[in-house]
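*Asks:* Input: one structure, supplied below.
2 protein chains.
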Amino acid sequence: MRSAELIELWRGGQRESLHCGDAVVCDSKGVVEAWGRSGRIVFPRSSCKMIQALPLIESGAADAAGLTDRQLALACASHSGARMHVEAVGDWLHVLGLGEADLRCGCHMPQDRDENRRLTCSDEAPCQLHNNCSGKHAGFLTLNRHLGGGPDYVDPDHPVQQAVKAAFEEVTAEVSPGYGIDGCSAPNWSCSLAGLGRAMAAFADPRDDLRGRAMRRLVDAMRTHPEMVAGEGRACTVLMRAMDGRAAAKTGAEAVFVAILPEQGLGVALKVADGGTRAVEAAITALLVHLGVLAENHPAVGRLLTDPLRNCRGLVTGEMRTAPGFPA
Amino acid sequence: MRSAELIELWRGGQRESLHCGDAVVCDSKGVVEAWGRSGRIVFPRSSCKMIQALPLIESGAADAAGLTDRQLALACASHSGARMHVEAVGDWLHVLGLGEADLRCGCHMPQDRDENRRLTCSDEAPCQLHNNCSGKHAGFLTLNRHLGGGPDYVDPDHPVQQAVKAAFEEVTAEVSPGYGIDGCSAPNWSCSLAGLGRAMAAFADPRDDLRGRAMRRLVDAMRTHPEMVAGEGRACTVLMRAMDGRAAAKTGAEAVFVAILPEQGLGVALKVADGGTRAVEAAITALLVHLGVLAENHPAVGRLLTDPLRNCRGLVTGEMRTAPGFPA
């Protein structure tokens, strides 16, 4: 079994490039639809931030710290490092009596255009608050305060990461084959694509228990604050707005995307083999249309999948297409 | 026959991502080594700029305009839009009695960090001189003056493009299945990967005739002025410097790379199916080491292929590897 052909790029009537990958749609019982290898092992990367945030709520740490839904959305975010995000994480740490130096996520230039420009033109270096994962790390620090762990909360043996690992293995219903170190220095546990899809289905159709209530709260936070989960112009934000809260969607590095569809009780997990962002954004768009939560004539669908590709003079140069058999 | 597995990305001891593609090594008689589908059709994109520059020399236009090797390197370039490149193209057009407005390549922000920063922070828009293809277009305008064609020199039926098409079909020894419109608005003719490799072998082992002398002149121009072909830090420049002039190398959009090895009389053509830049740069690096023109312990090899991958805190997160069977 090989990966499936998912997204094609055409130019001059010829197929120029091709992205392969694997995708599953799951309900609470398991895989209901699949393309490629549902059993392939993936690092979910940032697509599992809502799983990594479960111990924050289930432990009581979120309520003890009085976290708002906006902050919970940020805990699940790969944000753009806009002023809005930077200030929200800074305020959060301040209330905890902590600061930027307590973060362990490292610094990178923000994706947000205005903030990137401000830093570039003032010769100011980005700080850890700009890191796209700083909201997740603020969540880790909130949990860590509750658990009384040491400062190196990204150590895989630290109580925070052990709590994350336990939640991850429970919701994927798998023993993880292992972890890799993520861009933000936290461990990222691997699982099968089907396991990730099952976890998303659990978020879509949560039980009425402690975990289920935590899941529902995180999904509602993401759907209510799509601008905190990514940022202006970014696929997660654009797609959640386009679906008007009918589903939550979250990307991860190396071309992972997940979606949570509460109305249908379905979870989606998708990985483009080559890590190509344009392809995973196009593929999740196609899947969300296929599953009936995104209108195929919505401008977001045009932008991420169906609009003609144009060069810098505005001439049409080609188009993206879903490959035959994907998604239907 | 499918594309071959070329480049893998590993994290935490597990393969996270995979790039497939196709590659050929040719001599003057044809394909001598291949991975994947040597017959696949490709748009060479900017990797065939040295082919597109043949009519410029063969027509006598280059000599009539007194073009230097530095300008010929720029005609084969996808440059970074650094001041050096912008000024060189501006001067070239000025000597022709033409200006930026005569170009038809369009405007995009330059890749060169300093120039990009200058434009960003002064709110200055990029001009057509910044376009990575502006040197090729200056070559088209030089040829056009010689041929006496009209101003719309990117029209596929224009004498300039018809001359390019004829040269392209002659050196690939194929009838092109057709053209696509490139990012710079010029037509880009497609061919088989083997045809592109054969063309590069012809550049590597040129005959002693008008075409052969034009080929030799272009290859020498590229090898002598690697900084004009791309720019500081860019793969073509870095690789040509690392090989100390033993080979010319040129990339094209959507992950095409070619190389010309005069010492061995070999041509290389490579296309990563998904269009991934990191993969095609790693793969051409592996091929150049494999063919004995690039020392495997050179820092350029580390940077483009073998160095561990690190996150923004400097922690090792994984590595790139050539897939089993590629290149040996």
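Quick mapping for you: the protein sequence lines, in order, are chains A and B.
The first sequence: position 149 = 149 (full-length UniProt numbering), numbered continuously.
The second sequence: position 34 = 34 (full-length UniProt numbering), numbered continuously.
Built from N, CA and C at the ideal position, the CB exists for glycine as well.
Computed from a predicted structure; not experimentally measured.
(1) Give a yes or no on whether 8 Å exceeds the smallest Cβ distance from A:L56 to chain B.
(2) How many whole angstroms separate the CB atoms of A:E8 and A:R321, which I take to be in contact at a CB cut-off of 8 Å?
(3) Drop a sphere of 10 angstroms on the beta-carbon of B:H79, count the other beta-carbons inside from all chains shown, and report buried for 16 or more, exposed for fewer.
(4) Between the Cα of B:G106 and those of B:L96, B:C121, B:A125 and B:W92, spot the shortest distance and give me the residue it belongs to.
(5) Can you tell me the Cα-Cα spacing of B:W10 and B:H19, whole angstroms?
(6) Let me see if you follow: with CB-CB separation under 8 Å, is B:D208 close to chain A or not?
(7) DSSP on B:G314, reduced to helix/strand/coil?
(8) Give me the subset of the segment 240 to 269 of chain A whose CB atoms are less than 7 Å from a CB atom of chain B, sorted by chain position.
(9) Along chain B, which residues have their Cβ under 8 Å away from the Cβ of A:F43?
(10) Should A:S3 go down as buried or exposed, given a rule of 16 or more other Cβ atoms within 10 Å for buried?
(11) Go ahead and label B:N131 buried or exposed: buried means 16 or more other beta carbons lie within 10 angstroms of its beta carbon, across all protein chains shown.
(12) Mapping the DSSP letters down to three states, classify A:L134 as helix, strand or coil.
(13) What span of residues does the alpha helix (DSSP H) with B:A62 cover, start to end?
(14) Go ahead and pull the three-state DSSP assignment for A:D112.
(15) A:Y179 versus chain B: which residues are under 7 Å apart at the beta carbon?
(16) Could you give the uninterrupted runs of the alpha helix (DSSP H) lying entirely in the segment 145 to 217 of chain A, keeping only those of 4 residues or more?
(17) In angstroms, rounded to a whole number, what distance separates the CA positions of B:G275 and B:G39?
(18) Could you name the residues of the segment 299 to 327 of chain A whose beta carbon sits closer than 9 Å to any beta carbon of chain B, in the order they occur along the chain?
(19) Kindly indicate which three-state DSSP category B:G139 falls into: helix, strand or coil?
(20) Please state whether the Cβ-Cβ distance between residue 342 of chain A and A:A300 is less than 8 Å.
(21) Taking a Cβ distance cut-off of 7 Å, strictly less, list which residues of the segment 113 to 126 of chain B are near chain A, in chain order.
(22) Answer yes or no: do B:M228 and B:L74 have a C-beta to C-beta separation smaller than 8 Å?
(23) Would you call B:R207 buried or exposed, if buried means 16 or more other Cβ atoms sit within 10 Å of its Cβ?
(24) In chain A, which residues lie less than 7 Å from B:I273 when you measure between Cβ atoms?
(25) Just confirm the distance between the C-beta atoms of B:A53 and B:L72, as a whole number of angstroms; I'd bet it's less than 8 Å.
(26) Can you find a C-beta in chain B that's less than 8 Å from the C-beta of A:S190?
(27) Which value, in whole angstroms, describes the spacing of the CA atoms of B:A92 and A:G99?
(28) Note down, in chain order, all residues in the segment 140 to 159 of chain B with a beta-carbon under 7 Å from any beta-carbon belonging to chain A.
(29) Reducing DSSP to helix, strand and coil, say where A:K250 ends up.
(30) Applying the 10 Å Cβ sphere with the 16-neighbour rule, what's the burial state of B:R104?
(31) Residues of chain B with a CB under 8 Å from the CB of A:H108: which are they?
(32) Tell me which residues share the same chain as A:R83 and place their Cβ nearer than 7 Å to its Cβ, disregarding the 5 neighbours each side in the sequence.
(33) Could you give the DSSP three-state label for B:M320: helix, strand or coil?
(34) Quick one: any contact between the segment 246 to 262 of chain B and the segment 198 to 207 of chain B, if contact means 3 or more CB pairs under 8 Å?
(35) Step through the CB atoms of chain A and report whether any lies within less than 8 Å of the CB of B:G183.
(36) Mind listing the chain B neighbours of A:G195? Cutoff is C-beta to C-beta under 7 Å, in chain order.
*Replies:* To lay it out plainly:
(1) no
(2) 5 Å
(3) buried
(4) B:A125
(5) 12 Å
(6) no
(7) coil
(8) E254
(9) R11, G12, Q14 and E16
(10) buried
(11) buried
(12) According to the sequence provided, residue 134 of chain A is Ser. The question's Leu does not apply to it. In this structure, A:S134 counts as helix in the three-state DSSP scheme.
(13) A61 to A64
(14) coil
(15) G12
(16) 159 to 172 and 193 to 204
(17) 18 Å
(18) N311, C312, R313, G314, L315, V316, T317 and G318
(19) helix
(20) Missing from the structure shown is residue 342 of chain A; chain A here goes from 1 to 328 and no further.
(21) R117, T120 and C121
(22) yes
(23) exposed
(24) It should be pointed out that residue 273 of chain B corresponds to Ala in this sequence rather than to Ile. Within 7 Å Cβ-Cβ: S17 and L18.
(25) 7 Å
(26) yes
(27) In the sequence under discussion, the amino acid at residue 92 of chain B is Trp, which differs from the Ala named in the question. The straight-line gap from Cα to Cα measures roughly 55 Å.
(28) none
(29) strand
(30) buried
(31) C312
(32) E115
(33) strand
(34) yes
(35) yes
(36) Ordered by position in chain B, no residue passes the 7 Å Cβ test against A:G195, which lies about 14 Å from the chain.
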